[in-house]
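A.B. asks:
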Amino acid sequence: MPAFEVQRTTQINATADAVFDVISDFGTWTTWSPWLAADPDAQVTVTDDAASVGSIYRWQGEIVGEGEIEHKVLQRPDRIEDELRFIKPWRSQAKTSFSIEPASNAAQVTWTMKGSLPWFMFWMVPMMKRMIAMDYDRGLRMLAEHVETGKVLSKTEIVGEVTLPAMDMIGQHGACDFADIGPAMEQAFSKACHSADASAMEEGDMISVYHKTDLKCQRFEFTSGFLVDAANTIPVELEHCHLPAGKALHVRHIGSYSNLGNAWSAAYQYARYKKLKPSRAKSFEIYRNNAAIVPKEDLITDVYIPLK
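Just remember that this note's numbering sits 3 ahead of the position in the sequence shown, which is counted from 1.
Written out as structure tokens, the structure is:
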């Protein structure tokens with residue numbers, strides 16, 4: 004059977020014991036799980052003693068499928084080993100582990116999965132590794148937020164298929180690695196707003212359009228700016244993008260921009276489950292309120308994937 008291994012690491016501003024307490028308690032997993040965003044109605048059950056060897060976390064949902072994970076080793080404060088058993092959409096098993104090491108008044112957490120796919124799915128191994136790596140990155144980000152603040156600022160709502168009018172936007176073009184998307188977009192928005200203000204343009208909702216996403220190289224190419232009237236004169240230093248009218252899958256995210264990956268992951272998982280076919284048109288996200296005056300937990304971002 005084709006085997007794979009995925010490993011991701013992050014640093015959490017807490018003691019190793021504090022991190023261990025959260026990860027070892029299956030009762031916390033629904034708060035920071037990277038998979039439930041796509042299927043918030045999935046049924047989750049946890050055995051009574053949620054933080055002991057032999058305790059089990061089970062899930063069952065339309066989109067996330069069915070399976071369970073069991074604690075096999077709980078070695079305070081630095082090691083957790085689990086067995087992951089998938090039931091649907093196909094039966095398979097994997098070994099997962101968390102390594103927790105002290106690191107400069109913080110804890111370095113490494114999340115590892117070792118598993119295999121059915122033989123007839125050998126061609127999916129590279130894609131599977133990339134997808135699990137992105138899931139682990141999102142999960143570790145939410146784990147850190149939960150440990151450091153006691154909550155995770157992310158709620159995902161799958162609105163469904165909608166019909167959108169044609170729209171026009173102008174903005175600053177950019178490209179960056181996945182890990183640098185926040186600072187890169189912030190810089191692009193700053194330049195776009197400065198140019199628009201200098202031209203006395205009327206600005207609509209802020210928006211980011213994704214031209215190209217390279218999962219293998221982990222890079223984005225995007226334009227960040229704001230919606231405008233098509234008749235406006237465009238400043239020469241900014242790029243114009245026309246978004247055609249048509250159908251799209253709409254997913255709304257409420258919470259910190261750092262967790263927006265949850266909405267995108269949910270959108271693509273939902274599209275695969277519903278057998279929706281994305282079109283060649285560009286995907287985009289519209290920011291419905293002002294991050295300068297609205298608390299992070301109340302930020303609203305609408306994600307759209309155009310459909311055929």
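Cβ coordinates follow ideal geometry from the N, Cα and C atoms, glycine included.
On a predicted model such as this, the values are computed, not experimentally measured, just so you know.
In this structure, how does DSSP classify Glu-189 when only helix, strand and coil are distinguished?
C.D. replies: helix
A.B. asks: Within the continuous beta strand (DSSP E) that includes Ile-26, where are the two ends?
C.D. replies: Taken as a continuous stretch (DSSP letters only), Ile-26 belongs to no beta strand (DSSP E), being part of the alpha helix (DSSP H) at 19-27.
A.B. asks: Could you name the residues that DSSP lists as bridge partners for Ser-286?
C.D. replies: Tyr-213
A.B. asks: What are the residues that DSSP puts in a beta bridge with Thr-113?
C.D. replies: Per DSSP, Thr-12 and Ser-102.
A.B. asks: Given Pro-37, which residues of its chain have a CB within under 6 Å of its CB, disregarding the five upstream and five downstream residues?
C.D. replies: Asp-138, Arg-141 and Gly-142
A.B. asks: Below 8 Å on the Cβ atoms is my contact criterion, and I expect Arg-82 with Ser-58 to pass it. Report the Cβ-Cβ distance as a whole number of Å.
C.D. replies: That pair is no contact at about 16 Å.
A.B. asks: Does the distance from the CB of His-243 to the CB of Phe-225 come in under 9 Å?
C.D. replies: no
A.B. asks: CA-CA distance, Ser-286 and Ala-147?
C.D. replies: Straight through space, the alpha carbons of Ala-147 and Ser-286 are spaced by roughly 29 Å.
A.B. asks: Where does Lys-91 sit, in a helix, a strand or coil, going by DSSP?
C.D. replies: Note: Lys-91 maps to strand in three-state DSSP.
A.B. asks: Is it right to say Ala-270 is buried, meaning 16 or more other beta carbons lie within 10 angstroms of its own, or is it exposed?
C.D. replies: buried
A.B. asks: I'd like the list of long-range same chain contacts for Lys-299, defined as Cβ closer than 7 Å, with 5 residues on each side in sequence excluded.
C.D. replies: Leu-156, Gly-258 and Ser-259
A.B. asks: Could you name the residues of the same chain whose beta carbon sits closer than 6 Å to that of His-245, not counting the 5 residues immediately before and after it, in chain order?
C.D. replies: Asp-171
A.B. asks: To the nearest angstrom, how far is it from the Cα of Lys-158 to the Cα of Ala-40?
C.D. replies: If you take the alpha carbons of Lys-158 and Ala-40, they lie about 7 Å apart.
A.B. asks: Taking Ala-40 as part of the alpha helix (DSSP H), name the residues at either end of that continuous run.
C.D. replies: That residue, Ala-40, is in no alpha helix (DSSP H); it is neither H nor E in DSSP.
A.B. asks: Does DSSP classify Ser-157 as helix, strand or coil?
C.D. replies: strand
A.B. asks: Select from Gln-221, Glu-189, Ile-161 and Ile-296 the residue whose C-alpha is nearest the C-alpha of Ala-182.
C.D. replies: Gln-221
A.B. asks: Which of the three DSSP states, helix, strand or coil, is assigned to Thr-152?
C.D. replies: helix
A.B. asks: Less than 8 Å between C-beta atoms, sequence neighbours within five positions excluded: which residues of the same chain meet that for Asn-108?
C.D. replies: Asn-16
A.B. asks: Does the distance from the CB of Ile-26 to the CB of Val-112 come in under 9 Å?
C.D. replies: For the 9 Å CB-CB criterion, Ile-26 and Val-112 form a contact.
A.B. asks: Would Gly-249 and Ser-282 be called neighbours here (beta carbons separated by less than 9 Å)?
C.D. replies: yes
A.B. asks: Helix, strand or coil for Leu-230? Go by DSSP, reduced to three states.
C.D. replies: strand
A.B. asks: By the 10 Å Cβ neighbour count, where 16 or more other Cβ atoms means buried, how is Trp-93 classified, buried or exposed?
C.D. replies: exposed
A.B. asks: Spatial neighbours of Ala-169 within its chain, please: C-beta separation below 6 Å, excluding the five flanking residues on both sides.
C.D. replies: Pro-247 and Ala-248
A.B. asks: Residues in its own chain within less than 8 Å of Asp-52 by CB, not counting five upstream and five downstream?
C.D. replies: Ser-58
A.B. asks: Under 9 Å, do Ile-289 and Tyr-307 count as touching if we go by C-beta distance?
C.D. replies: Yes.
A.B. asks: For Ala-45 and Phe-23, what's the separation of their Cα atoms in angstroms?
C.D. replies: 26 Å
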